[in-house]
Structure formats: structure tokens, C-alpha cells
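Okay, structure first, notes after.
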Amino acid sequence: MECQGVGLHSGAPVKLRILPAPAGSGIRFRRTDLDNFEIEALGRNVARVSYATSLMKKGVLISTTEHLLSALIGTGIDNAIIELDNLELPILDGSALPFVEMIHRAGIRKQRRPRSYLRICRELELREGNKFIAVYPAETYSVSYTIDFPHPLIGREVFRGNLSDGQYLRGIAPARTFGFLHEAEAMRQQGLIRGASEENAVVLTRDSVLNPPLRFSDEFVRHKVLDLIGDLALVGKQILGSIVADRAGHAMHTALVSRILRDHSLWEETTVPEDDDVPVNSARVLAAHTV
Ligand SMILES: [Zn+2]
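Read in order, the letters of the sequence shown are residues 1 to 291 in the working numbering.
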């Protein structure tokens, strides 16, 4: 399965392919323009976290990984190789929906090996000024996110969701990234959002939306949930835990990932007994024949 587009921040054209991978190999990115150099989608490779999450290994960069990683977690893909021929993933429509559709077109195959989960055993709370993120023990993967933007269309929005009940595909994947028109020029001067347009982001003026309609009345907080799920994918496994975030962003999301990975007393690796009616507990990969 292949798609092409431009990077949100670089504006660089890029082709992307999602390929199946063996059980237990996790998610890996591969730069086909740099001798197929590979970077694992793991917290230890996180490089930059302002406005998007970037991975770096031996000086090779892969930017804006969060929307595709979110789609892979949301569709239950554990193992895949993501090939791209430039430094930034395509922004497409600004949501995870085009990636979800690509994955569904390719098909999903259950692998023999049981899925290995990262089960949170002990709570962890991180605070930075008025920003907060925490993870608590739970038997499923759930997220509660609060944002508070001083904008007449946003203000305080709260979204609570459980990833185990199909809510991701309907309620989270379609939520698009957003930006404020009055910040655009300053961001461009910093080398950011060079690929941004009304086709790939909700653009907010001081009191309205430049390119309506919204896909959800609370699309903004839903997109933050999408980003959070994509960033937390960098723990390298599906999570069993309850995440609470308040005005967090990529820096807080990835800080949580680093703390979890550094402190093994917070979690255990586990498998969940197979239930034939709910075939979600095996590792999954794209169905190879259709890719
Ligand atoms: Zn995003």
C-alpha cells in the first residue's frame, strides 16, 4: 500500500509504503532514499518534540511520526515496516484516517504469536507548570484528555475514550490537526508548517474557522488524543493502562514514554488469554499478499 503527499513542516514531497513485518519485530521506519536506513519506532530514538514528534538515529531524521503511529495502534497493527523516501511523513488530510483506510485496504492478518502488552502496574504522574500527564493501572487502554485554548470555538474541551471498543476508528482517527492563522507567519519563519494548507489542517482565525465544517464539534481535543496515542506508541507495545492528560503536548507525551521505559517497576510485559470471539489478542500485521 502506497501513498504520497507533502510533509506538514518541511513541505517536502514524500512517498510512503506500509509493509508487513515478522511477529515480534515491532514498527520500524525505513528511509529508502538513504540506503534503506532503519529507525525503530521506540522512545530511545526520539529527537525533537516541538510541534511534531521526530525520531533520529545516527544523524538520520524521520519527522512527524505521530499520525501514522496512531493509526497503527488504533487498527491493532503490532508489526510493520514503514518505507519513506524523504525526511517527513506525508500530512495527507491532517488526520489519521487516510492511514487507517490504507491499512484496511491492505488487510490485517493475525500472527501466531500472542500479542505482548505493556501493562501499567503503578501510577506515574508528571507535571510541568499547568501541564499534566499521568498513567494509571487498568485492564484496557483508555485516554482522558483536557485542553483549554483561549479561543471562542475551543475553550475547555474534554474527551474520554476507550481504545478497546472501536471508538478510535469512528471518533479519533478522523480528527484533523489545527493551527492559528495569526501564528502561521512566525512559524514559517522558524522553518515550520511549510506544507500546511486549508486541505490538511483546521485553520483558526481569531474568532472562527477559515475552512469549515469541523468533523466534530470537539475536533481539537480529539486530535490531541490522536497525537497522544501516536506518541505513546513509542513504548513499542500496545498499552494496558489509563492515561490522563491536561494541556499536554508532544514534549509531555514523549516524556511519559521515556519515564515508562526507564523505570521497569512501573509496568510488566504480559499477554492476554485468547478469546475466540474477540480476536484482538494476537499480534497483527498487514496481510502480505495485498500490499
Ligand atoms: Zn497531530
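All C-beta atoms in this analysis are idealised placements derived from N, C-alpha and C, irrespective of residue type, glycine included.
Less than 7 Å separates the beta-carbon of G241 from that of I120. Taken from the Cβ of T254, every heavy atom of ligand 1 lies 6 Å or farther away. V158 counts as exposed, since fewer than 16 other beta carbons sit within 10 angstroms of its beta carbon.
If you check the CB distance, A12 and N79 do not come in under 7 Å. For M1, same chain residues with a beta-carbon under 7 Å away, outside a window of 5 residues either side, are R17, I18, M102, R105, A106, V291 in chain order. With respect to the C-alpha of K15, the residue from G26, R30, S208, S25 having the closest C-alpha is R30. With fewer than 16 neighbouring CB atoms inside 10 Å of its own CB, P273 falls in the exposed class. Here the C-alpha atom of H253 lies approximately 23 Å from the C-alpha atom of K58. With 16 or more other Cβ atoms inside 10 Å of its own Cβ, G76 counts as buried. Taking 7 Å as the cut-off, the Cβ atoms of S70 and L226 count as close. CA-to-CA, the gap between S142 and G230 works out to about 14 Å.
Collapsing the DSSP output to three states places T254 in a helix.
According to DSSP, M56 shares a beta bridge with L61. In the three-state scheme derived from DSSP, where H, G and I count as helix and E and B as strand, F216 is classed as coil. Inter-residue distance for R188 and R170 is about 33 Å (C-alpha atoms, whole angstroms). Looking at the DSSP output, Q238 sits in a beta bridge with Y117. With the criterion CB distance below 5 Å from any heavy atom of ligand 1, the matching residues run T177, D227 along the chain.
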